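Chains as they are written, first to last, in the working numbering: chain D, 77 to 309; chain H, 1071 to 1533.
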């Protein structure tokens, strides 16, 4: 217990003295995860819309598939992407293994099912009249789609935040395809894993605190946005 | 009148079940059409097809003089026609932004949008609510936002699904006022409603979507009752008045010189189910070579100014007589009171006279006797009395009783006697003409009536 208290105190010192190595790790973490979520979100939400608002054979199977993929283990994604990108793999020529791009690819795969499943749930709950009203007032289908997404925006934002929460904290995929290279592919989770294995708890705890702080900020933002979206009579 | 839209052979199934199959539906320009019909008959679906929100199984469309495929028509409908939900959907933004929604998609310049939104806000009396979130409004206010959100686009046709449901009196009046105003601005509309009196508030024209068979729905035009057309049709459409039937009871002499026949519309009640006759359409059962309804038309035509037939089946057959044919305004064979109410609504006269379609021996002084009793007793209703009991279906009623009758029907009342009891009732003595009340309830009756018709000598006194 005393060890934990000491380490926490050291962690706070690290945070507030602006240790450059620590902030480089934080920067890489956010940069990779933001790129992943921003790439995945438009496509995933579009797919969620089609799953919610069109009828085609195999639609329900697809919905169940995405719900199942919610529990996809990060290490399995890491393994798969590793095999694809490794020199002998089918995409080996891209020479992406142990780069940030490889981490982005892994994280896209990880957050995609979350965005689709949660986005689908939000869009499915949208009022059918919203779509009809938009169309009858002369909106083109894509404009009506954007209107509908705006109407359920809180649900969609929640999906994006959940997706981001997953990728910012995952360690399995980043470790395997990024390689945990300092100032290049070392992000918060992989750094924590490394420091812990070295017995350097202070830096691990400092990074953990940053992750928690990020989560707090995101949720605070969501609550703030939804402030106007409470259930109304 | 110029035609805006015409749909032919419109079929729509939902979940494999045929919902309706409409031969023809036309919408003239500059008209407010009331569309009535029972729940589940497909009124909303019909409107959604017209708005391009749902696709029919098949349809032939003529829109503004052009024959269009459904694919082409659908986009035009979505642009030119606005559908308003029964409970309008408000986008989660301010009232002004809601009204601007359609204009923004029309890519108008910002200043123009603002000006038109401002006008629309004033039009609907919403200026003070412009900045409020539209979702926080009351039902009546939402309806007004929806109306002005549509009006601002100047649609060719506005489809209003139950616009007056669930509103208090003030909100209704405001909505009715706005809908009327839309018409004066040249916007045609179709309004569905369960309220029987909405036609008098709004409509120029009334269509009734009804079920005329196990799965076939037709759209009929019941309330196109125009006096001049009617008169013309009566001249040409009525069967010749033969001396052999109907008037052979010896009362032809003075056909009611004191009776203001012009002020009476006779409503022939042929809308029953005729369960005891195995569900045959009584009015069309032949008696002495002519359908029952023809006998009574012949008997009533000289007595009154106007004639209507209330029927719920075989409407085409009934229309052959050139008379307006009116289906029940509500319900599925709810009984003669609904037929009476439908007739009262359609009639343009002070009084309606009702008689069943299956009584071929109506005396020539039916209208006069009922009218005299009404006048003498200063009554609102006069009903025939055969000496033993009241025969309530033979009656003369003042048309201004319609609201009372509708209120009674809406509260679930179906019994003629109970409703009559609410008003000043005069009984007209028909004991000298007992044959009046001979009618057709069983196949045996038909033979008896036929014999009576061929041997009028044995007619009196009644058995």
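We put the CB at the ideal spot given by N, CA and C, even for glycine. Predicted model only: the values in this text are computed from it and were never measured.
Chain-ordered neighbours of residue i on chain D, where CB pairs are closer than 7 angstroms
{"i": "residue 1117 of chain H", "result": "Per Cβ cutoff of 7 angstroms: no residues; residue 1117 of chain H is ~10 angstroms from chain D at best."}
{"i": "residue 1121 of chain H", "result": "212"}
{"i": "residue 1351 of chain H", "result": "Correct list: empty, because the minimum Cβ distance to chain D is about 40 angstroms."}
{"i": "residue 1162 of chain H", "result": "227"}
Contact list for residue i against chain H, beta-carbon separation under 7 angstroms
{"i": "residue 219 of chain D", "result": "1175"}
{"i": "residue 203 of chain D", "result": "1159"}
Below-9 angstroms beta-carbon distance, residue i vs any chain D residue
{"i": "residue 1152 of chain H", "result": "yes"}
{"i": "residue 1172 of chain H", "result": "yes"}
{"i": "residue 1518 of chain H", "result": "no"}
{"i": "residue 1219 of chain H", "result": "yes"}
{"i": "residue 1148 of chain H", "result": "yes"}
{"i": "residue 1155 of chain H", "result": "yes"}
{"i": "residue 1497 of chain H", "result": "no"}
{"i": "residue 1238 of chain H", "result": "no"}
Interface residues of chain D facing residue i [CB-CB closer than 9 angstroms]
{"i": "residue 1461 of chain H", "result": "In chain order: nothing, as chain D lies at least about 51 angstroms away."}
Reduced DSSP secondary structure (H/G/I, E/B, other) of residue i
{"i": "residue 1164 of chain H", "result": "strand"}
{"i": "residue 118 of chain D", "result": "helix"}
{"i": "residue 1093 of chain H", "result": "strand"}
{"i": "residue 1255 of chain H", "result": "coil"}
{"i": "residue 133 of chain D", "result": "coil"}
{"i": "residue 1356 of chain H", "result": "strand"}
{"i": "residue 1236 of chain H", "result": "coil"}
{"i": "residue 1469 of chain H", "result": "helix"}
{"i": "residue 1391 of chain H", "result": "coil"}
{"i": "residue 1263 of chain H", "result": "coil"}
{"i": "residue 202 of chain D", "result": "coil"}
{"i": "residue 1339 of chain H", "result": "strand"}
{"i": "residue 1087 of chain H", "result": "strand"}
{"i": "residue 1461 of chain H", "result": "strand"}
{"i": "residue 1275 of chain H", "result": "strand"}
{"i": "residue 1455 of chain H", "result": "strand"}
{"i": "residue 1231 of chain H", "result": "strand"}
{"i": "residue 313 of chain D", "result": "No statement about residue 313 of chain D is possible, as the shown extent of chain D runs from 77 to 309 and does not include it."}
{"i": "residue 1324 of chain H", "result": "With a pLDDT of only 39 at residue 1324 of chain H, under 50, the local geometry of the prediction cannot be trusted, and the value read off the model is given with reservation. It is coil, neither helix nor strand."}
{"i": "residue 167 of chain D", "result": "coil"}
{"i": "residue 1373 of chain H", "result": "coil"}
{"i": "residue 1106 of chain H", "result": "strand"}
{"i": "residue 1557 of chain H", "result": "This structure cannot speak to residue 1557 of chain H, because chain H is shown only from 1071 to 1533."}
{"i": "residue 1344 of chain H", "result": "coil"}
{"i": "residue 1081 of chain H", "result": "strand"}
{"i": "residue 1098 of chain H", "result": "strand"}
Any chain H beta carbon closer than 9 angstroms to residue i
{"i": "residue 116 of chain D", "result": "no"}
{"i": "residue 206 of chain D", "result": "yes"}
{"i": "residue 216 of chain D", "result": "yes"}
{"i": "residue 209 of chain D", "result": "yes"}
{"i": "residue 226 of chain D", "result": "yes"}
{"i": "residue 175 of chain D", "result": "no"}
{"i": "residue 223 of chain D", "result": "yes"}
Interface partners of residue i on chain H, CB under 8 angstroms
{"i": "residue 130 of chain D", "result": "Within chain H, no residue comes near residue 130 of chain D; the closest Cβ sits about 14 angstroms away, beyond 8 angstroms."}
Proximal chain H residues relative to residue i, where beta-carbon distance stays under 9 angstroms
{"i": "residue 144 of chain D", "result": "Within 9 angstroms Cβ-Cβ: nothing; residue 144 of chain D doesn't reach chain H, min ~29 angstroms."}
- Identify every run of the beta strand (DSSP E) within the stretch 1478-1508 of chain H, keeping only runs that are complete inside it and at least 3 residues long; order them along the chain. 1495-1499
- Query: In chain order, which alpha helix (DSSP H) runs of at least 4 residues are fully inside the stretch 1143-1227 of chain H?
  - Reply: 1165-1175, 1180-1193, 1209-1221
- Task: Pick out the complete alpha helix (DSSP H) segments inside the stretch 1109-1143 of chain H, 4 residues or longer, and give them in chain order.
- Result: 1113-1120
- Query: When you check each C-beta in the stretch 1219-1234 of chain H against every C-beta of chain D, which residues fall closer than 8 angstroms?
  - Reply: 1219, 1220, 1223
- Query: Curious, which full-length alpha helix (DSSP H) runs of at least 4 residues does the stretch 1406-1438 of chain H contain?
  - Reply: 1406-1416
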